[in-house]
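S.K.:
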Amino acid sequence: MQTLSMPLEQLNQSENDVDFLFIHSPFCGTCHLARKMLETLEETLKGTDFKELNAAIHPDFMNQYEVESVPCLLIVQKGKILEKIYAFQSVPYLYEKVNQYQ
Numbered sequence: 001m002q003t004l005s006m007p008l009e010q011l012n013q014s015e016n017d018v019d020f021l022f023i024h025s026p027f028c029g030t031c032h033l034a035r036k037m038l039e040t041l042e043e044t045l046k047g048t049d050f051k052e053l054n055a056a057i058h059p060d061f062m063n064q065y066e067v068e069s070v071p072c073l074l075i076v077q078k079g080k081i082l083e084k085i086y087a088f089q090s091v092p093y094l095y096e097k098v099n100q101y102q
């Protein structure tokens, strides 16, 4: 997973059709589990590029995109939110969600 340092600029200038942004906090136990699920997806879905963002150091981004909690998988197209996923129910569930946008 690529860590975004300037998320607003990087998402708006992305050449990808759709970006998958994993928003987390290093102190969140559920976030660690969600990361493992996304890492499994990355291996399964070769060519799918997941990015990550530490919510604690990007409060402006959190406010602008109205991210309510972590973990969150933000699905973005050219800076526009397509979907926010807060419940990382299972790897098959996430697989289906991600595949909808590919």
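Okay, so the sequence shown: first residue is 1 according to full-length UniProt numbering, each after it adds one. The beta carbon of each residue, even a glycine, is placed where N, CA and C say it ideally should be. Note that the structure is predicted; figures quoted are calculated from it, not measured.
Less than 8 Å between C-beta atoms, sequence neighbours within five positions excluded: which residues of the same chain meet that for Asp49?
M.R.: Hits under 8 Å: Gln2, Asn16, Asp19 and Phe20.
S.K.: Suppose contacts are defined by Cβ-Cβ distances below 8 Å. Is His40 in contact with Pro71 by that definition?
M.R.: Looking at the sequence shown, residue 40 is not His but Thr. Their beta carbons are not under 8 Å apart, which means Thr40 does not touch Pro71 by this criterion.
S.K.: Mind checking which residues open and close the alpha helix (DSSP H) that includes Leu33?
M.R.: Unbroken alpha helix (DSSP H) run through Leu33: Gly29 to Thr44.
S.K.: Residues bridged to Glu83 by DSSP?
M.R.: In the DSSP output, where bridge partners are listed per residue, Glu83 has Ile75.
S.K.: Write down the C-beta distance between Tyr65 and Leu74 rounded to the nearest angstrom, noting that I regard them as a contact closer than 8 Å.
M.R.: Right, their Cβ atoms sit about 7 Å apart.
S.K.: Taking the beta carbon of His58 as the centre, do at least 16 other beta carbons fall within 10 Å, making it buried, or is it exposed?
M.R.: Classification of His58: buried, given that the 10 Å Cβ count is 16 or more.
S.K.: Note down the Cα distance separating Phe22 from Glu52, rounded to an integer number of angstroms.
M.R.: Those two C-alpha atoms are separated by around 5 Å.
S.K.: First and last residue of the beta strand (DSSP E) that includes Asn54?
M.R.: Taken as a continuous stretch (DSSP letters only), the beta strand (DSSP E) holding Asn54 covers Phe50 to Asn54.
S.K.: Along the chain, where does the alpha helix (DSSP H) that runs through residue 136 open and close?
M.R.: Nothing can be reported for residue 136, as the shown portion of the chain is limited to 1 through 102.
S.K.: In three-state terms, what does DSSP make of Asp60?
M.R.: Here Asp60 sits in helix by DSSP.
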